[in-house]
Every structure is written in structure tokens, then in C-alpha cells.
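Reading the sequence shown from the start, the letters are residues 83 to 444 in the working numbering.
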Amino acid sequence: MSSKWHNFSEKSRSVYFYCKACCSLSLERLANVALAGLSLAPMVVNVDPNLNVVLTACLTVYVGCYRSVKPTPPSETMSNEHAMRFPLVGSAMLLSLFLLFKFLSKDLVNAVLTCYFFVLGIAAFSATLLPAIKRFLPNKWNEDLIVWHFPYFRSLEVEFTRSQIVAAIPGTLFCVWYAKQKHWLANNVLGLAFSIQGIEMLSLGSFKTGAILLAGLFVYDIFWVFFTPVMVSVAKSFDAPIKLLFPTADLKRPFSMLGLGDIVIPGIFVALALRFDVSRGKEPQYFKSAFLGYAVGVVSTIIVMNWFQAAQPALLYIVPAVIGCLAVHCIWNGDEKLLLEFDESKTQSTEEVAAKESKKVE
């Protein structure tokens, strides 16, 4: 049975990547170009911040989802226990930041966080640019590894390629610009890189785990926004690329904000729906329904926010929309059992076993 599943999985992925190369690649590139253009547009023309929020969030999720599809399943996935702990850990971190800003100098806290995000920003921005840069470099630069040993700690080493060094150059320049100027565009570029990498690299493993995570963060978002001033206070004080800034014409409120969590958390669930479609060797039908749910959720957030003129917990609207659209579509097609049984971690272990068995036969 494992060998049959292995063959099916390998065949379905081969079909997908062939179709992707022929049909979807142009859409992905178009989405990347549109996202870059939309990020730069407020520098030269007035862009409605509400429209900017919706389009930027949706394009980021779209790009991240397609980048998350790999020839092999993810090596690590989130467990149900991790998903249940996530809101508690997030709450502890949020409250810790709130207390730091309350009892310590805001400039001191932000200076330390800037150093931290400087390093993370280089890594995230470089990894985001790397696939595009590889197309213009020789194969030798992309494949040959350079091993660097830490001074005085020879047992510690880092492996990288020349193409990664090239990608790190613009990443470093953007991080220096952000550290010196704290310009909103530099903030957004790094924020988008974090979001795309988060969606690309994180795997929920199964829809059950995803539902647990989204449900927990649904409650988390409502509690910290509606019942305490903590989240809004931290978002305004935290001068780091953990949120996207959208210029407005209002001098009293120069920027609209969207937290990266409102992109990455639902985004990894939507990406799982795409990989579920890929594993079945079919068109991305459930990805489309989950992505539609995300778009509806973001639009709903904007409408309610403008109606009440107050900050809104975006996951309050996004989570029901994403899960609801996917669930209705799945039940309509009668695929709810397949969806609930889908588990990337089991797919990984099954394929490893099949590969070992084939080697033994040889």
C-alpha cells in the first residue's frame, strides 16, 4: 500500500509541476510584479489605503502559497499540541512586550529589537529574492557549497552558495536603510519578506491542526483587541517590521496598519489547501475556495473597521471566512473525509519508507 501511495504522490506532483511550468508560472510572476508595484505605488501616486490593504494581503498570500509547494513534502510539521500552545505562547510574548514598553525606555527596547530584526531581515529578504536571482547565475554558483567555520569554534559551521551571497547584498542594503531611516517602504519590504517566508516554510501538517490553531488565535485576537489595550498599544509602540504600513491622507492617522499575523496565520492554512489539491493531482479547487474566504475576511475587516472607526481583530472575520468557504466547498463535493485524513507528516514518512524499500529491492 505504501508503494502505491508513493507512486501516486510522485506522479501527481510530477503532473502538477509540469502544469505549473506551462500555465501557472506566468500568474505567479504576475502576482510578484503586482505586489512589487503595489508596494512602490504610494511613493508616486495616492493609493486608497483600504484597497491597498486588501490587495497587498491577498497578493502576499497568493505568492507565499505557490512558493510553499515543493517537490517533496515538508520535513517538519506542526502538531496538535503545538497548535494548542501557540495562542498561550503568543499571549505571553505580547504581554511581555507590553510590560517592557511600559517600564523601560521605548527607544531602548526598539533599539534592541532593531538589531534582532536586522539579522532576521537579511535572511528573510535574501531567501525571498533567491529563486529570482538563481535564474541569472551559473549553475555552479547555485549548487557548489561553501563551508565557513566559526573562529575559535571549529565544530560550528555554516554552509552557503555564491548565489546566497549575491542575494544577501540587497537584503543587507534594505536592512541598513530600515535601521537608519525606519522608512515605511523599507518596513513593508521586510514585512512582506517575513510573510512570504512564513507561508512558504511553515506547515500545519493537517487540516485538523490548522483548525485548532486558527480557532485558538481567533479567541486570542478577540481577547487582546476588544478586552485589553495591550495589542493596540504594542502595535503602536513596536517599531519593527511586524506590521505593514499603508500611507493615508489623514494627518492625524498617517498610516493604516495590518499585522503580519493576519497574513501568515491564515496564509499557511490556505497554502495547506493548495498542497492538498496538489497531492491529489487535481486543479487547485480547494485552494481557490480557501483563498476566496481569505479575501472575503480581509474585506469584511476593512468594512467593519471603517464603519466603527476603531481597530478590529482581523482574525475575527478571516478565520470563519476561510474555514467556512473551504468546509462548504468540501462538503458540497463530498470530500470531507479525504480532507480530514490528509496529513503531510504521514505522507513524508510513507514516502521515506517507500524509498527505503525500493533501495532494498535494488
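Just so it is clear, CB atoms sit at the ideal spot from N, CA and C, and this is done for glycine as well.
Predicted model, so just to flag it, every value in this text is computed and none were measured.
Alpha carbon to alpha carbon, how far is residue j from residue i? Give it in angstroms, no decimals.
i	j	result
LEU202	PRO155	25 Å
LEU299	LYS290	14 Å
ALA409	PHE207	34 Å
ALA396	LEU176	17 Å
LYS428	ASN224	31 Å
GLY273	LYS334	24 Å
VAL386	ASP417	33 Å
VAL129	THR383	19 Å
VAL404	LEU238	43 Å
PHE308	PHE180	16 Å
ALA123	LEU211	20 Å
HIS411	LYS419	13 Å
ALA446	HIS265	Lying before the first or after the last residue shown, residue 446 is absent from the chain, which here runs from 83 to 444.
GLY280	ASN415	30 Å
PHE256	PRO233	28 Å
ASN388	GLY363	42 Å
VAL380	ILE347	13 Å
LYS188	LEU421	47 Å
LEU227	ILE413	48 Å
PRO213	ASN114	12 Å
THR138	TRP230	38 Å
PHE328	PHE337	5 Å
LEU342	ALA209	18 Å
PRO153	ASN221	19 Å
LEU354	LEU286	7 Å
GLY406	ILE247	43 Å
With burial defined as no fewer than 16 other Cβ atoms inside 10 Å of the residue's Cβ, what is the status of residue i: buried or exposed?
i	result
TYR198	exposed
PHE276	buried
GLN394	buried
LYS438	Bear in mind that a pLDDT of 45 at LYS438, under 50, signals an unreliable position, so the number given afterwards is only what the model happens to contain. LYS438 comes out exposed.
ALA165	buried
PHE369	buried
ILE345	buried
ALA103	Caution is warranted here: a pLDDT of 47 is assigned to ALA103, below 50, making its placement in the model unreliable, and the coordinate value is therefore given only provisionally. Exposed, since its Cβ has fewer than 16 Cβ neighbours within 10 Å.
ASN270	buried
MET125	exposed
ALA293	buried
LEU117	buried
VAL143	buried
SER371	buried
SER178	exposed
ALA392	exposed
GLU365	exposed
SER361	buried
LEU296	buried
PHE185	exposed
VAL352	buried
ALA268	buried
TRP306	buried
LEU112	exposed
ILE251	exposed
ALA193	exposed
ALA249	buried
Please check the pair residue i and residue j, which I expect to be a contact at CB under 8 Å, by giving their CB distance rounded to whole angstroms.
i	j	result
ILE278	ARG149	7 Å
ASN134	LEU120	7 Å
ILE350	LEU284	5 Å
ALA261	PHE200	6 Å
MET313	LEU326	16 Å between Cβ atoms; not a contact.
THR159	GLU426	5 Å
PHE424	SER288	6 Å
LEU356	CYS147	5 Å
LEU182	VAL191	5 Å
GLU110	VAL151	Wrong, their Cβ atoms sit about 10 Å apart, outside the cutoff.
SER173	TYR302	6 Å
Can you find at least 3 beta carbon pairs, one from the segment 313-327 and one from the segment 235-250, that sit closer than 8 Å?
no
With a cut-off of 8 Å, do at least 3 Cβ pairs link the segment 371-379 to the segment 400-407?
yes
Contiguous alpha helix (DSSP H) assignments of at least 4 residues, all confined to the segment 123-188:
131-149 and 162-185
Take every Cβ of the segment 158-172, pair it with every Cβ of the segment 210-220, and state whether three or more of those distances are shorter than 8 Å.
no
May I have a chain-ordered list of the beta strand (DSSP E) segments no shorter than 3 residues that lie completely inside the segment 311-340?
325-329
Would you mind listing the alpha helix (DSSP H) stretches within the segment 199-231 that are 4+ residues and don't spill past its ends, in chain order?
221-225
Just list the alpha helix (DSSP H) runs in the segment 367-431, keeping only unbroken ones of 4 residues or longer that don't cross its boundaries, in chain order.
367-390, 397-415 and 418-423
Could you tell me which uninterrupted beta strand (DSSP E) segments, each at least 3 residues in length, are contained entirely in the segment 240-264, listed from first to last along the chain?
none
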